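Number of protein chains: 2
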Amino acid sequence: MAVYTEVGDEELAAFVASYGLGDVISFKGIAEGVENTNYLVETACGWFILTLYEKRVDPAELPFFLGLMEHLAARSLSCPTPVRDRDGANLRELAGRPAAIVTFLEGVSVRRPTPEHCREVGMGLARMHLAASDFALRRPNGLGLASWSPLFQRFAGRADEIRPGLAALITAELRDLEAHWPANLPTGVIHADLFPDNVFFLQDHVSGLIDFYFACTDALAYDIAVCLNAWCFEQDGAFNITKSRALLKGYESVRPLESAEREALPILARGSALRFLLTRAYDWINTPPDALVKRKDPGEYVRRLAFHRTVATPASYGLDSAGPAAGIAAT
Amino acid sequence: MAVYTEVGDEELAAFVASYGLGDVISFKGIAEGVENTNYLVETACGWFILTLYEKRVDPAELPFFLGLMEHLAARSLSCPTPVRDRDGANLRELAGRPAAIVTFLEGVSVRRPTPEHCREVGMGLARMHLAASDFALRRPNGLGLASWSPLFQRFAGRADEIRPGLAALITAELRDLEAHWPANLPTGVIHADLFPDNVFFLQDHVSGLIDFYFACTDALAYDIAVCLNAWCFEQDGAFNITKSRALLKGYESVRPLESAEREALPILARGSALRFLLTRAYDWINTPPDALVKRKDPGEYVRRLAFHRTVATPASYGLDSAGPAAGIAAT
Numbered sequence: 080m081a082v083y084t085e086v087g088d089e090e091l092a093a094f095v096a097s098y099g100l101g102d103v104i105s106f107k108g109i110a111e112g113v114e115n116t117n118y119l120v121e122t123a124c125g126w127f128i129l130t131l132y133e134k135r136v137d138p139a140e141l142p143f144f145l146g147l148m149e150h151l152a153a154r155s156l157s158c159p160t161p162v163r164d165r166d167g168a169n170l171r172e173l174a175g176r177p178a179a180i181v182t183f184l185e186g187v188s189v190r191r192p193t194p195e196h197c198r199e200v201g202m203g204l205a206r207m208h209l210a211a212s213d214f215a216l217r218r219p220n221g222l223g224l225a226s227w228s229p230l231f232q233r234f235a236g237r238a239d240e241i242r243p244g245l246a247a248l249i250t251a252e253l254r255d256l257e258a259h260w261p262a263n264l265p266t267g268v269i270h271a272d273l274f275p276d277n278v279f280f281l282q283d284h285v286s287g288l289i290d291f292y293f294a295c296t297d298a299l300a301y302d303i304a305v306c307l308n309a310w311c312f313e314q315d316g317a318f319n320i321t322k323s324r325a326l327l328k329g330y331e332s333v334r335p336l337e338s339a340e341r342e343a344l345p346i347l348a349r350g351s352a353l354r355f356l357l358t359r360a361y362d363w364i365n366t367p368p369d370a371l372v373k374r375k376d377p378g379e380y381v382r383r384l385a386f387h388r389t390v391a392t393p394a395s396y397g398l399d400s401a402g403p404a405a406g407i408a409a410t
Numbered sequence: 080m081a082v083y084t085e086v087g088d089e090e091l092a093a094f095v096a097s098y099g100l101g102d103v104i105s106f107k108g109i110a111e112g113v114e115n116t117n118y119l120v121e122t123a124c125g126w127f128i129l130t131l132y133e134k135r136v137d138p139a140e141l142p143f144f145l146g147l148m149e150h151l152a153a154r155s156l157s158c159p160t161p162v163r164d165r166d167g168a169n170l171r172e173l174a175g176r177p178a179a180i181v182t183f184l185e186g187v188s189v190r191r192p193t194p195e196h197c198r199e200v201g202m203g204l205a206r207m208h209l210a211a212s213d214f215a216l217r218r219p220n221g222l223g224l225a226s227w228s229p230l231f232q233r234f235a236g237r238a239d240e241i242r243p244g245l246a247a248l249i250t251a252e253l254r255d256l257e258a259h260w261p262a263n264l265p266t267g268v269i270h271a272d273l274f275p276d277n278v279f280f281l282q283d284h285v286s287g288l289i290d291f292y293f294a295c296t297d298a299l300a301y302d303i304a305v306c307l308n309a310w311c312f313e314q315d316g317a318f319n320i321t322k323s324r325a326l327l328k329g330y331e332s333v334r335p336l337e338s339a340e341r342e343a344l345p346i347l348a349r350g351s352a353l354r355f356l357l358t359r360a361y362d363w364i365n366t367p368p369d370a371l372v373k374r375k376d377p378g379e380y381v382r383r384l385a386f387h388r389t390v391a392t393p394a395s396y397g398l399d400s401a402g403p404a405a406g407i408a409a410t
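Just so you know, the sequences run in chain order B and X.
Our numbering applies: residue 80 is where the first sequence begins, and numbers increase by one.
Our numbering applies: residue 80 is where the second sequence begins, and numbers increase by one.
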C-alpha cells in the first residue's frame, strides 16, 4: 500500500497525451494494491487508474492480466478496462516500469460483509467464470498446490516462531492435501484473490471486481473455496454458515456446480486456507515488525484450516447434498 | 505519504451522511501529505478530501488551519474549503481522530517549475497574503527563529554524521541570524511551506494552494524567502535568478514590497534555508535508512544556505534596488 515510483508532471502529461484522453486535470498516488504503484488520474475524459508494475510482477505475465480484463469488460463484466493508446497498445512503459491505464470503477469495498453481500459476490464470481470461459490465454497458478511445499521449505525452520507446532501442522496438512487433491474438476480462469478489498459495491450490489493480478487457470471451484475463506468467517474466527450458504446460492444461481465440485469443496477450502496461511507466515517472518507494511496475522488461517478439517460434507457450507446442480443433473 | 488510519465503509458512510453529501460512490486512500491520513471520496455531490489528523498535529491548532482555509476560500482564493456538517461543524471525529472534509481541488503540481510557474506562484502567494490580512486568528510560527536553536540542540552531537563540519556551520549561522534577524517587518498569515508539491496548476496557471498545516503568523517576506528556496534552485543546486526575478515580480504585481522587506530578503532566505536544513537533518538522523518514508537530503539546504551567504543585496535575487515598491513609496 504505497507509491513506490514517483512520476513527474511532464512525464505523465506526455504519457497520457498518447492515449488521446485530453489534459491531465488531477493526479494522486493512491494506497491501493500491495505490489504496484497506482495513481488516480483525472483527465478531460474522466477518471482513470494508472498502474506502474513494480519488481514483484513478471512483465511477461502482464498480457494475460490486461487481456483478461479487456476480455471480461467486453463481456459486460464490470472490471477495470485497459485503455489502448493511439497505436493500439494497452501495455507501455513509464518511469522505467511497465505501465497501463485502466478505467476507474465506482464503488466501495465492504469491511463487514452481510449474507446479502456474500450472495452478490457468489453471483459476481460465477459471472466472471462464465465470461472468461472463452478467454484464449492460460496462466498456471503460481500459488497452487505444487507451490505450497517449496514455499513452506523457505521458512519451515522458523515456522514455530509464529506459533509452536505450526511446522508440524503444515507438514501434516501438505501430506493430506497432496494425497487427496481433486483432479479433473472443471477448470478455467479464476480470480484467486477475491477478498472483500477486491469487490466494489454500490447500494449493496456488486459494482465491479478489481485486482486480477493473481488470476490464473485452475479449478473454478477453488475460486469459491477462496471466497469461503475470505468472506464467510467472522472477526472472532467463527465460520458463518448463513454467509457461505448465501455465497454458494448466489454462485449457483449463475453457474450450478457439478457434483464433483460440490464434493471437493471441503478439501479445496482446506487448500485455500493453507495457501493464505503459507504466504502470510512467510511474510510474517520476512517483514520486520516495525515496517510500515502491516503484517497480516497467519493465525487467522490456522483457525480457518482447523475449521475446514472438521468438515465432513459440503452440507457444512450450507450446500444441500441434493442441491440445484444435482437436481439439474437428474432431470 | 501513507494511510495511517483505516476507515471502514460503514463508519465512512455514516460520517459522510451527516454532511448531507449523498451516498459514497468511491473511496481511496491517497499518498499525500506526510503527517495525516487522506482519502479521496466521491459522493453524489462530487469529489472531496477526507483528512484524519494523526498524532503529530495538535488538535488545538486545527481551528486555525480550517478557519484559515474557509476564510481564504470566502475571499475567492482557490484552496481546499472545509465543508460544514448539518450542525455547522467543520471539525469532527472519525476512527478516533480529529477529521475534516474539504473540497477537492483540480490541478497538478509541477516537478520542474519554469520562470512562468514561479511568476504565478509569486502572484498566488501575494494574493494569499492579502486575502488573509483580515483573518482574526493568530498562530505563532512553531518553526520560526526561536525554535531553531532548541531543535539543533536535539541532534547537534550527531550533526557531523551527515557531513563533517555541519555542526560548526549551523552554530555559526544561528549566531549570525539571531544577531541580525529583522524586526518590525509587516506580518500576517504565511503559508510557510509553499513548495511545488503544494501548488496546483492547470494550463500553467495556479489553480490552487494546498496544505496549510504549517501556516502561522509571521513576517510576510519570510514566506517569499521560503519560496525562493523552494522554487528557484535547479536540481544541480544552482540558483536561477530568472526564476527568482519572476517570482518576485509576480508577487509585487499583487503586493509591492516595502523597502525594509526588500532589504531583509537575503537574511530571511538564509533563515529559511536553515529552517529546512534543520528539520531535514533532524529527520535524517531520526529516520532509519530502510524506512519506507523517503528521507530528504539535508545537503541541498547546506548548498542553498551557502548561496544566500554570498548575497550582499536583494539585487542578487533579481530585485532592482529601486523597484516598484520604492517607486511607489516615492510617489
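Every residue gets a Cβ at the ideal spot worked out from N, C-alpha and C, and that includes glycine.
None of the values given here were measured: they were computed from a predicted structure.
Endpoints, the alpha helix (DSSP H) within which Lys-322(B) is located
Taking the first sequence and counting its residues from 1, the one referred to as residue 322(B) is at position 243. It spans 320-333 - the alpha helix (DSSP H) in which Lys-322(B) sits, taken as one unbroken run.
Run the CB neighbour count on His-196(X), radius 10 Å, all protein chains shown included, and call it buried at 16 or more, exposed below.
Residue mapping note: residue 196(X) aligns to position 117 of the second sequence, counting from 1. Buried.
I want to verify the contact list: residues of chain X whose CB lies under 7 Å from the CB of Phe-106(B), in sequence order.
Locating residue 106(B) in the first sequence gives position 27, where the first residue counts as 1. Those are Val-187, listed as they occur along chain X.
Same chain only: Cβ atoms within 7 Å of Leu-151(X), ignoring 5 sequence neighbours per side
Counted from its first residue, the second sequence places residue 151(X) at position 72. Cβ neighbours of Leu-151(X) beyond the five flanking positions: Cys-158, Met-207, Ala-210 and Ala-211.
Smallest Cα separation from Thr-160(X): which of Val-136(X), Val-187(X) and Trp-126(X)?
Along the second sequence, read from residue 1 onward, the residue named residue 160(X) stands at position 81. The shortest Cα separation from Thr-160(X) among Val-136(X), Val-187(X) and Trp-126(X) belongs to Trp-126(X).
Report all residues from its chain with a CB closer than 6 Å to the CB of Ile-249(B); omit the five preceding and five following residues, and keep chain order.
As a first step, residue 249(B) is located in the first sequence; it is residue number 170 there, counting from the start. Contacts found: Phe-231.
Ala-325(X) and Ala-294(X): beta carbons closer than 8 Å?
As a first step, residue 325(X) is located in the second sequence; it is residue number 246 there, counting from the start. As a first step, residue 294(X) is located in the second sequence; it is residue number 215 there, counting from the start. For Ala-325(X) and Ala-294(X), no; Cβs fall outside 8 Å.
Can you give the Cα-Cα distance for Ala-215(B) and Tyr-292(B), rounded to whole angstroms?
On the first sequence, position 136 is the one that residue 215(B) refers to. On the first sequence, position 213 is the one that residue 292(B) refers to. Cα to Cα, Ala-215(B) sits roughly 17 Å from Tyr-292(B).
Classify Ala-178(X) as buried or exposed, calling it buried when 16 or more other Cβ atoms lie within 10 Å of its own Cβ.
Here residue 178(X) corresponds to residue number 99 of the second sequence, with the count starting at 1. Buried is the call here.
For Tyr-118(B), which of helix, strand or coil comes out of DSSP?
Residue mapping note: residue 118(B) aligns to position 39 of the first sequence, counting from 1. Strand.
For the alpha helix (DSSP H) that Thr-250(X) lies in, which residues bound it at each end?
Translated into the one-based positions of the second sequence, residue 250(X) becomes position 171. 245-259 is the span of the alpha helix (DSSP H), which, as asked, contains Thr-250(X).
Establish whether the CB of Glu-89(X) and some CB of chain B are separated by less than 8 Å.
Translated into the one-based positions of the second sequence, residue 89(X) becomes position 10. So, interface residue.
Relative to the alpha-carbon of Asn-263(X), which residue among Asp-88(X), Gly-146(X) and Ser-338(X) has its alpha-carbon at the smallest distance?
Counting from 1 along the second sequence, the entry for residue 263(X) is found at position 184. Nearest of Asp-88(X), Gly-146(X) and Ser-338(X) to Asn-263(X), Cα basis: Ser-338(X).
Unbroken beta strand (DSSP E) runs of length 3 or more, entirely within the region 123-194 of chain X: which are they?
125-131, 171-173 and 176-182
Within 10 angstroms of its Cβ, does Ala-139(B) collect 16 or more other Cβ (buried), or is it exposed?
Looking up residue 139(B) in the first sequence gives position 60. When all chains shown are included, Ala-139(B) counts as exposed.
Along the region 105-139 of chain X, where does the CB come closer than 8 Å to a CB of chain B? Name the residues.
Ser-105, Phe-106, Lys-107, Gly-108, Ile-109, Ala-110, Glu-111, Leu-119 and Glu-121
Under 9 Å from the C-beta of Arg-191(X): neighbouring residues of chain B:
Position 112 of the second sequence, counting from 1, holds the residue named residue 191(X). Gly-87, Asp-88 and Glu-89, listed in chain order.
Quick one: is Leu-264(B) near chain X, going by C-beta distance under 8 Å?
In the first sequence, counting from the first residue as 1, residue 264(B) sits at position 185. No, Leu-264(B) lies away from the interface with chain X (no Cβ there is under 8 Å from its Cβ).
Leu-100(X) at chain B interface by Cβ criterion, 8 Å:
Within the second sequence, the letter at position 21 stands for residue 100(X). It does not; no Cβ of chain B falls within 8 Å.
Taking C-beta pairs closer than 9 Å, name the residues in chain X that Leu-173(B) reaches, listed in chain order.
In the first sequence, counting from the first residue as 1, residue 173(B) sits at position 94. None at all; the shortest Cβ gap to chain X is about 14 Å.
Cα-Cα separation between Ser-97(X) and Leu-119(X), rounded to whole angstroms
Residue numbering aside, residue 97(X) sits at position 18 when the second sequence is read from its first letter. Residue numbering aside, residue 119(X) sits at position 40 when the second sequence is read from its first letter. Going by the C-alpha atoms only, they are around 17 Å apart.
Backbone secondary structure at Val-95(B) - three-state DSSP
Locating residue 95(B) in the first sequence gives position 16, where the first residue counts as 1. In this structure, Val-95(B) counts as helix in the three-state DSSP scheme.
Flag this pair as touching only if the region 244-260 of chain B and the region 279-288 of chain B have three or more C-beta atom pairs under 8 Å; answer yes or no.
no
Less than 8 Å separating the beta-carbons of Ala-348(X) and Leu-307(X)?
Position 269 of the second sequence, counted from the first residue, corresponds to residue 348(X). Position 228 of the second sequence, counted from the first residue, corresponds to residue 307(X). Taking 8 Å as the Cβ cut-off, Ala-348(X) and Leu-307(X) qualify as a contacting pair.
Interface partners of Leu-288(B) on chain X, CB under 8 Å
Sequence index remark: in the first sequence, residue 288(B) carries index 209 (1-based). Chain X residues near Leu-288(B): none, gap ~15 Å exceeds 8 Å.
Residue interval of the beta strand (DSSP E) (run including Val-86(B)):
Residue 86(B) sits at position 7 when you count from the first residue of the first sequence. Per DSSP, Val-86(B) belongs to no beta strand (DSSP E) and is neither H nor E.
Mind checking Asp-239(B): buried by the 16 CB within 10 Å criterion, or exposed?
As a working mapping, residue 239(B) is identified with position 160 in the first sequence. Classification for Asp-239(B): exposed.
Report the rounded CA-to-CA distance for Val-381(X) versus Val-268(X), giving the unit in angstroms.
Locating residue 381(X) in the second sequence gives position 302, counting from the first residue. Locating residue 268(X) in the second sequence gives position 189, counting from the first residue. Straight-line Cα distance between these residues: approximately 27 Å.
Is it right to say Asp-137(X) is buried, meaning 16 or more other beta carbons lie within 10 angstroms of its own, or is it exposed?
Numbered from its first residue, the second sequence carries residue 137(X) at position 58. Exposed, by the Cβ-count rule.
Any chain B beta carbon closer than 8 Å to Leu-281(X)
For the purposes of this step, residue 281(X) is taken as the residue at position 202 of the second sequence. Yes - at least one Cβ of chain B is within 8 Å of the one on Leu-281(X).
What are the residues that DSSP puts in a beta bridge with Pro-219(X)?
What you label residue 219(X) is simply residue 140 of the second sequence in a count that begins at 1. Its beta-bridge partners are Thr-296(X).
For the alpha helix (DSSP H) containing His-387(B), name the first residue and the last one.
To locate residue 387(B), count along the first sequence from 1; it is residue 308. Residues 378-388.
Note the first and the last residue of the continuous beta strand (DSSP E) segment covering Phe-355(X).
By 1-based counting over the second sequence, the position of residue 355(X) is 276. No beta strand (DSSP E) contains Phe-355(X), which is instead part of the alpha helix (DSSP H) from 338-365.
From Gly-329(X) to Pro-194(X), what distance separates their C-alpha atoms?
Working through the second sequence from its first residue, we reach residue 329(X) at position 250. Working through the second sequence from its first residue, we reach residue 194(X) at position 115. Near 10 Å, if we compare the C-alpha coordinates of Pro-194(X) and Gly-329(X).
Proximal residues of chain X, C-beta to C-beta of Val-103(B) below 7 Å:
For the purposes of this step, residue 103(B) is identified with residue 24 of the first sequence, where counting begins at 1. Those are Val-187, listed as they occur along chain X.
So the alpha helix (DSSP H) Phe-231(B) belongs to, where does it begin and stop?
What you label residue 231(B) is simply residue 152 of the first sequence in a count that begins at 1. First-last of the alpha helix (DSSP H) with Phe-231(B): 224-232.
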